[in-house]
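Trainee: Residue numbers (this note's numbering): 6 to 127.
Ideal Cβ placement from N, Cα and C applies to all residues, glycine included.
1) Considering just the uninterrupted stretch of the beta strand (DSSP E) at residue 80, what are its terminal residues?
2) Check residue 104 in the structure and name its three-state DSSP category.
3) From 68, 75, 93, pick the residue whose C-alpha is nearest to that of residue 83; which is it?
4) Between the C-alpha atoms of residue 2 and residue 81, what's the straight-line distance to the nearest angstrom?
5) Roughly how many angstroms separate the alpha carbons of residue 113 and residue 53, rounded to a whole number?
6) How about residue 75 and residue 60: do their beta carbons lie closer than 8 Å?
7) Which same chain residues, not among the five before or five after residue 48, have their C-beta less than 6 Å away from its C-beta?
8) Can you tell me the Cα-Cα spacing of residue 85 and residue 105, whole angstroms?
9) Taking only three categories from DSSP, how would you classify residue 29?
10) Could you have a look at residue 91 and say whether DSSP puts it in helix, strand or coil?
11) So what does DSSP say about residue 50, is it helix, strand or coil?
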């Protein structure tokens, strides 16, 4: 019986897709995911998605929060926030309540800022 590889382990409720892993297909999760490898397809999470500096994603993404330090080609729909770190590369449209683009990040696409559903006066 084999044990989990060090490339794909859970760290404090976060699933880690290690640098040697390539995933193709649809991924859904109730946990946070950290991508250090490559993913092609679709991603749907209830929590945070982090794409590490060497991570590469070609997918449409839906998550509570998305942090990009690597490369993403696809649209992102984040309920709370999208953060593009220094060195990030994002090509695609984004829909979110908040966005942070650090100096040195590259972004090409449209931005749709949404309002939180709760706490809004009528």
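Mentor: Short version:
1) The continuous stretches of beta strand (DSSP E) do not include residue 80, and DSSP gives it neither H nor E.
2) In this structure, residue 104 counts as strand in the three-state DSSP scheme.
3) Considering only alpha carbons, the answer is 68.
4) As shown, the chain starts at 6 and ends at 127. That puts residue 2 outside it, with no answer to give.
5) For residue 113 and residue 53, the distance between alpha carbons rounds to 22 Å.
6) Yes.
7) So the list reads 32, 64, 66, once near-sequence residues are dropped.
8) Answer to the nearest angstrom: the Cα atoms are 11 Å apart.
9) It is a strand residue.
10) DSSP places residue 91 in coil when its eight states are reduced to three.
11) Three-state DSSP puts residue 50 in a strand.
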